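A.B. asks:
In this note's numbering, the protein residues as written are 179 to 556.
#1: How far does the alpha helix (DSSP H) with residue 422 in it reach, from first residue to last?
#2: Report the three-state DSSP secondary structure of residue 530 (helix, strand or coil).
#3: Starting from the Cα of residue 523, find the closest Cα among 238, 466, 483 and 541 and give me that residue.
#4: Does DSSP put residue 357 in a helix, in a strand, or in coil?
#5: Please report the Cβ distance between residue 209 and residue 538, rounded to the nearest whole angstrom; I am assuming they are in contact, meaning their Cβ atoms lie under 8 Å.
#6: Check the DSSP bridge columns for residue 299 and list the partner residues they point to.
#7: What's the call for residue 329, buried or exposed, on a 16-neighbour Cβ count within 10 Å?
#8: On the DSSP letters alone, give me the boundaries of the alpha helix (DSSP H) that residue 228 sits inside.
#9: I need the DSSP call for residue 414, collapsed to helix, strand or coil.
#10: Taking DSSP's pairing of strands, which residues face residue 366 in a bridge?
#11: Answer with buried or exposed for residue 191, where buried requires no fewer than 16 other C-beta atoms within 10 angstroms of its C-beta.
#12: Measuring only the C-alpha atoms, how far is residue 397 from residue 363?
#13: Keeping to the same chain, check which residues put their C-beta closer than 6 Å to that of residue 359; ignore five residues upstream and five downstream.
#14: So, does the CB of residue 240 fall closer than 8 Å to a CB anywhere in chain D?
#15: Using only the alpha-carbon positions, how far apart do residue 395 and residue 245 sit?
#16: So for residue 248, helix, strand or coil by DSSP?
#17: For residue 510, does the three-state DSSP call read helix, strand or coil?
#18: For residue 474 and residue 412, what's the separation of their Cα atoms in angstroms?
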């Protein structure tokens, strides 16, 4: 286990990794050294900006010419997202209109999951249609607005919130790719939770939207169709399986509270079936990506959950394990290449894409979040 000084160094390193990853226009690269990850995702960036938002509450840091680097950085990301959404308003309005008429989805008229730093779409062939990212962005934006006391909203942000909320409300039952950009024909429970959180945030930002009925419909749908036979939240409708991303159903999406019995059962099954020997959380049991190693990101997410249910000892145990996974430079990778679920798939992925993403900027953000949440607990 690392000593307190090493953990403090990892805190500083995490800030450094995140702030260096931000591009001039506001985007955060998911990983600055892995070609496939040199894009910005709404989902990753939303959690990154949230980490900076709550870190900035504790005290500002200097970065370049900024005396309040965390909040300024988070604000630039939200500005970047709003710019992307508003630039595509005609496409999104067409999608909303088609959905209301029961017509088929046209993927060219949807939001991409990832964008280049300049806001343009990435190369074709990526599973781009994901609805969790815009939902989590709305949630993160609301947290930023609350924390930074940003009122009134900039006009461009208000327009983007309105458009994104109507887009998600129109499409929430549409199958899409999951958090891991897989299973595009399913309706995923973690995605529905992200949409729920986004609509809740949008209504708080713009009360005129009146999204209560849609939010209740989502919750009712999940509780009727999104459970396993044993009563846990399911990876997707119709599956008897859990997924690490289901932690988000409560933390932070609040489709149910963290101590809800269904959530408790879900966490217990995640711990039982997805905990790796030696530490870390698998994404799901059939994972073969880079051999299906345990993810540091998901372990930290689980620690965040345990902070919320006041199980401090378990959270501290996970946080210490995660800190031990940093390399000599202090970088946290996406996953650990031991205790693999499918060892035969490790070398082919390395040959195809290079080494495991390191640093994964979103992982450093989760570390900051858990550190700050642990301080709040104290």
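Don't be surprised by glycine CBs; every beta carbon is placed ideally from N, CA and C. These figures come from a predicted structure and were not determined experimentally.
C.D. replies: From the atom records:
#1: As a working note, residue 422 is residue 244 in the chain shown. From DSSP, residue 422 is part of no alpha helix (DSSP H); its letter is neither H nor E.
#2: As a working mapping, residue 530 is identified with position 352 in the chain shown. Helix, per DSSP.
#3: Mapped onto the chain shown, residue 523 falls at position 345. Checking every option, the nearest Cα to that of residue 523 belongs to 466.
#4: Along the chain shown, one-based indexing puts residue 357 at 179. Correct three-state label for residue 357: coil.
#5: Counting from 1 along the chain shown, the entry for residue 209 is found at position 31. Counting from 1 along the chain shown, the entry for residue 538 is found at position 360. Confirmed, Cβ separation roughly 6 Å.
#6: Mapped onto the chain shown, residue 299 falls at position 121. Note: residue 299 sits in a beta bridge opposite 293.
#7: What you label residue 329 is simply residue 151 of the chain shown in a count that begins at 1. Per the 10 Å Cβ criterion, exposed.
#8: As a first step, residue 228 must be located in the chain shown, where it is residue number 50. Per DSSP, residue 228 belongs to the alpha helix (DSSP H) from 220-236.
#9: Walking along the chain shown from the start, residue 414 turns up at place 236. Strand at residue 414.
#10: Numbered from its first residue, the chain shown carries residue 366 at position 188. Beta-bridge pairing links residue 366 to 414.
#11: Stepping through the chain shown from its first residue, residue 191 is reached at position 13. Burial call: buried.
#12: The sequence position of residue 397 within the chain shown is 219, counting from 1. The sequence position of residue 363 within the chain shown is 185, counting from 1. In a straight line, the C-alpha of residue 397 is about 20 Å away from that of residue 363.
#13: By 1-based counting over the chain shown, the position of residue 359 is 181. These residues qualify, in order along the chain: 305.
#14: Among the chains of the structure shown, chain D does not appear; only one protein chain is present.
#15: What you label residue 395 is simply residue 217 of the chain shown in a count that begins at 1. What you label residue 245 is simply residue 67 of the chain shown in a count that begins at 1. For residue 395 and residue 245, the distance between alpha carbons rounds to 44 Å.
#16: Taking the chain shown and counting its residues from 1, the one referred to as residue 248 is at position 70. Residue state, collapsed to three classes: helix.
#17: Translated into the one-based positions of the chain shown, residue 510 becomes position 332. Here residue 510 sits in coil by DSSP.
#18: Residue 474 sits at position 296 when you count from the first residue of the chain shown. Residue 412 sits at position 234 when you count from the first residue of the chain shown. If I take the Cα positions, the gap works out to 22 Å.
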